[in-house]
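Enquirer: For reference, the structure I am asking about is given below.
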């Protein structure tokens with residue numbers, strides 16, 4: 013037998029199609045073997061593998077990691093940092109420049125300055141992007157280790173032990189319980205009422221029951237439909253209810269999940285931030301593609317020097333290319349991730365930072381998020397509402413013998429029973445119940461039935477089924493009730509009285525459960541939901557989970573920041589309404605799960621927008637509510653920590669969970685909170701908005717500045733007898749300006765810019781470009797006129813038409829130096845005008861790094877023409893009169909830009 017296992021392990025290198033057939037054949041083979049032969053074939057043991065066997069298995073079968081989960085090698089990551097459409101454009105322009113400036117140029121005019129400057133631009137952008145992404149990646153990995161998902165395995169020596177999922181090997185014996193993620197493909201060797209969700213693999217939302225019997229191939233289409241096999245559990249599935257033990261038969265890429273992942277690729281969904289940056293890049297590239305040919309034609313026809321015009325148009329293309337955009341976006345997101353880590357928030361997906369800042373609706377579960385997550389059993393009452401210890405005893409029996417994931421309610425019942433000694437009525441005493449009865453069968457809790465039933469038996473062979481669950485669900489199962497040891501038929505009047513008492517307790521903020529019993533239930537040992545009938549109602553259990561002290565403050569803070577909070581819970585409407593009222597959350601309508609099911613998607617979306625409380629929801633219904641809100645254009649975040657929250661988290665724009673959540677909830681989340689507190693989430697949202705604001709600053713200043721440069725270049729190319737700047741000069745200007753922008757991720761953000769959700773808006777980008785871009789062009793044209801008519805003639809000794817060749821050369825050098833300096837001043841100032849809607853330098857201050865880099869860039873550009881380097885670049889020193897003129901131009905530009913900014917704000921109400 014072992015030979016077949018070794019051959020299968022060694023065959024992993026087959027082609028994809030063969031590997032698929034081989035893997036399914038192997039799984040079907042393992043499904044049909046009896047349990048002892050499964051252990052024998054895998055060289056495994058029911059008590060777990062020894063340490064040396066673990067290493068042998070890992071060497072033979074490989075690690076439990078799917079192919080795409082590995083982080084790419086560092087050299088590959090370095091290359092990918094340069095893999096961007098904007099970088100490709102720059103490289104293409106550099107290649108053309110090499111051809112024109114070197115290969116096809118005469119020996120005495122060869123010059124590689126232009127491609128060298130482009131190379132520096134590409135290098136700076138790529139290296140800074142790589143460094144930032146490395147920091148972000150390293151931070152994400154180290155933070156992820158804090159919330160590493162584990163599973164419970166048996167190992168020889170330590171026995172039961174929790175290990176990370178990637179340390180699981182073939183032959184490991186794994187224990188599963190409600191809320192766990194199946195770590196690998198398992199052959200079930202023991203199961204009790206095990207239901208799993210295979211939606212990650214099959215797309216089917218309904219839970220599937222798994223059993224331990226050999227030879228079960230399921231009922232799905234196809235003889236080799238491995239996912240239908242009832243005694244196999246697959247990597248990525250989620251345990252909804254019940255418990256099980258299984259032996260690992262496949263790990264990593266050999267699992268069905270790993271196989272599907274390798275076929276589907278690793279592409280992730282495009283985030284709002286990705287889409288916004290992509291649209292902006294496309295806008296600029298289209299502008300470049302439209303304007304560069306125009307510049308080339310106008311310059312060539314007016315100057316007659318087509319080669320110089322070509323080089324100049326290529327330089328314009330570089331100027332229009334936002335070469336620092338990829339690096340700055342990565343930098344802003346990485347900086348945001350580090351800031352959030354300090355606020356006790358872990359970012360699993362960098363793009364989620366912007367998505368978090370964009371949400372305008374937060375949907376949240378109630379228990380543990382709005383409440384203290386510390387349930388106390390306040391009352392155990394008979395049908396007439398009197399304290400009755402027998403009700404507590406029966407409830408203790410249900411909670412103690414239940415094998416599903418023990419929740420807070422079960423813990424509260426057990427704790428109360430132990431505290432009171434559980435004396436009197438029914439089975440007597442918690443200790444006696446635990447020792448005198450044993451579990452016979454169980455129907456675990458699910459979110460459709462909303463109850464759990466256990467069948468227990470004593471040593472004489474008597475059996476009884478005890479059911480605990482939502483009051484109306486339990487009442488519907490009962491035909492009689494017990495009071496003072498006597499049983500009576502349940503009449504409509506009794507039924508109404510029962511629900512009225514439960515409602516009264518609910519109005520006090522308590523969660524009410526019913527307890528019912530049935531002696532000698534039919535189907536004991538093979539229990540089914542149909543057996544939950546003709547029961548006897550014993551009484552009520554009333555639990556209290558008071559609201560958190562900080563919940564009200566957090567809800568108010570979110571509302572003030574433009575985020576509407578909606579509560580989606582499986583709890584009753586009365587309890588949820590009470591909790592919401594206690595913490596000041598307006599209850600604008602209530603929808604129950606039954607009402608949600610009765611609506612189509614369009615009606616649900618419209619009602620969901622006007623409703624703040626959703627009660628008695630199943631996981632699927634929660635997801636429908638979230639999808640409906642998103643369909644109306646809302647950015648929706650969902651915060652939860654349970655199995656029943658995972659579907660809604662995946663359906664939201666930003667899934668939010670906590671480090672103490674069940675495995676499936678953590679895996680579904682984009683954001684993990686290290687504190688289960690809405691105030692922590694509020695700080696995270698603010699950080700996300702600041703991150704977006706800094707990204708938007710660079711994008712908008714780049715759009716407006718580049719568009720203005722295009723207009724200026726067209727005017728100059730049309731009316732001047734020479735180029736306003738050489739290709740090298742224009743490239744140098746862009747390089748200096750881009751370097752001054754590298755500190756934007758660390759900039760301060762005004763408070764009003766984070767008071768409401770922020771989303772990328774292409775219409776706003778275009779409007780900003782059209783309104784702010786021409787302002788700089790106006791002052792460029794004024795500068796052109798002053799340089800051509802006044803300053804340059806004064807330096808060169810006469811007007812353009814009266815000068816000889818040397819005079820004209822000085823005229824051109826002075827003109828180009830003048831525009832170079834003026835452009836640097838205005839481009840740097842626009843950073844401070846765009847970053848705030850307040851008065852710059854007075855009411856709002858940029859980060860010191862931005863101010864320092866900007867001032868350094870201005871000083872460098874201003875002094876450069878007077879240096880030897882400036883002379884080599886074709887610049888001439890500027891006269892004193894020019895700086896007087898420059899001061900007037902800068903003052904006029906600032907005043908005009910502030911006026912244009914005000915007009916933009918009046919129309920669009922927000923700068924970013």
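In this note's numbering, the protein residues as written are 13 to 924.
All C-beta atoms, glycine included, are put in the ideal place defined by N, C-alpha and C.
(1) Could you check if residue 609 is buried or exposed, using at least 16 other CB atoms within 10 Å of its CB as the buried criterion?
(2) With a CB to CB cut of under 6 Å and the five nearest residues on each side skipped, what residues in its chain are close to residue 916?
(3) On the three-state DSSP scale, how would you describe residue 484?
(4) Pairing CB atoms from the region 133 to 141 with CB atoms from the region 749 to 756, are three or more of them under 8 Å?
(5) Can you tell me which residues form a DSSP beta bridge with residue 317?
(6) Between residue 69 and residue 181, how many whole angstroms is the CB-CB distance? I'm expecting something under 8 Å.
(7) Between which two residues does the alpha helix (DSSP H) holding residue 565 run?
(8) Go ahead and pull the three-state DSSP assignment for residue 7.
(9) Leaving out five residues on either side along the sequence, give the residues of the same chain with a beta carbon under 6 Å from the beta carbon of residue 361.
(10) What number of angstroms, rounded off, separates the C-alpha of residue 754 from the C-alpha of residue 880?
(11) Output the distance between the C-alpha atoms of residue 234 and residue 377, rounded to the nearest integer angstrom.
(12) Where does residue 457 fall in DSSP's three states?
(13) For residue 197, which of helix, strand or coil comes out of DSSP?
(14) Could you tell me which residues DSSP puts in a beta bridge with residue 803?
(15) By DSSP, does residue 353 sit in helix, in strand, or in coil?
(16) Taking just the CA atoms, how far does residue 894 sit from residue 807?
(17) To which residues does DSSP link residue 856 through a beta bridge?
(18) Suppose only complete runs of 4+ residues qualify. What are the alpha helix (DSSP H) ranges in the region 543 to 616, listed by chain order?
(19) Determine the closest residue to residue 797 out of 817, 830 and 770, with distance taken between C-alpha atoms.
(20) Do you know how far the Cα of residue 523 is from the Cα of residue 374?
(21) Which residue wins for smallest C-alpha separation from residue 184, given the options 800, 203, 63 and 241?
(22) Would you give the residue range spanned by the alpha helix (DSSP H) that residue 444 belongs to?
(23) Given residue 593, which residues of its chain have a CB within under 8 Å of its CB, disregarding the five upstream and five downstream residues?
(24) Looking only at DSSP bridge pairs, what is residue 258 linked to?
(25) Is it buried or exposed for residue 837, if we count other Cβ within 10 angstroms and need 16 for buried?
(26) In terms of DSSP beta bridges, what is residue 222 paired with?
(27) Is the region 411 to 427 touching the region 483 to 497, taking contact as three or more C-beta pairs under 8 Å?
(28) Sorted by chain position, which residues of the same chain lie with C-beta nearer than 7 Å to residue 400's C-beta, five sequence neighbours on each side aside?
(29) What residues in its chain sit with their C-beta under 6 Å from that of residue 94, if we drop five residues either side in the sequence?
(30) I want to know whether the region 710 to 728 touches the region 801 to 818 - three or more CB-CB distances under 8 Å.
(31) Let me know the secondary structure DSSP gives residue 303 once reduced to three states.
(32) Which same chain residues end up closer than 7 Å to residue 389 when comparing Cβ atoms and leaving out the 5 residues on each side of it in sequence?
(33) Closest by CA to residue 926, which one among 481, 585 and 403?
(34) If you follow the alpha helix (DSSP H) that residue 840 is part of, which residue opens it and which one closes it?
(35) Compare the beta carbon distance of residue 532 and residue 577 with 8 Å and say whether it is the shorter of the two.
(36) Report all residues from its chain with a CB closer than 7 Å to the CB of residue 794; omit the five preceding and five following residues, and keep chain order.
Expert: So, from the listed chains and residues:
(1) Exposed: under 16 other Cβ atoms inside 10 Å.
(2) Around residue 916: 783.
(3) helix
(4) Contact between the region 133 to 141 and the region 749 to 756 is present, because at least three Cβ pairs lie under 8 Å.
(5) Partner(s): none; residue 317 has no beta bridge.
(6) 4 Å
(7) Counting along the chain, the alpha helix (DSSP H) containing residue 565 begins and ends at 563 to 572.
(8) Here the chain covers residues 13 to 924 and nothing more, so residue 7 does not appear.
(9) 682
(10) 28 Å
(11) A caution first: residue 234 carries a pLDDT of 39, below 50, which makes its placement in the model unreliable, though a value can still be read off. If I take the Cα positions, the gap works out to 40 Å.
(12) Three-state result, residue 457: coil.
(13) strand
(14) In DSSP, residue 803 forms no bridge with anything.
(15) helix
(16) 10 Å
(17) 852
(18) Taking 4 residues as the minimum length, the alpha helix (DSSP H) runs contained wholly in the region 543 to 616 are 563 to 572, 585 to 594 and 605 to 609, in order along the chain.
(19) 830
(20) 24 Å
(21) 63
(22) 442 to 448
(23) 599
(24) 186 and 200
(25) buried
(26) 206
(27) no
(28) 392, 393, 394, 437 and 551
(29) 138
(30) No: the two stretches stay apart, fewer than three of their Cβ pairs being nearer than 8 Å.
(31) The DSSP-derived three-state label of residue 303 is helix.
(32) 424, 425, 428, 553 and 555
(33) The question about residue 926 has no answer, for the chain in this structure spans 13 to 924.
(34) 817 to 846
(35) no
(36) 901
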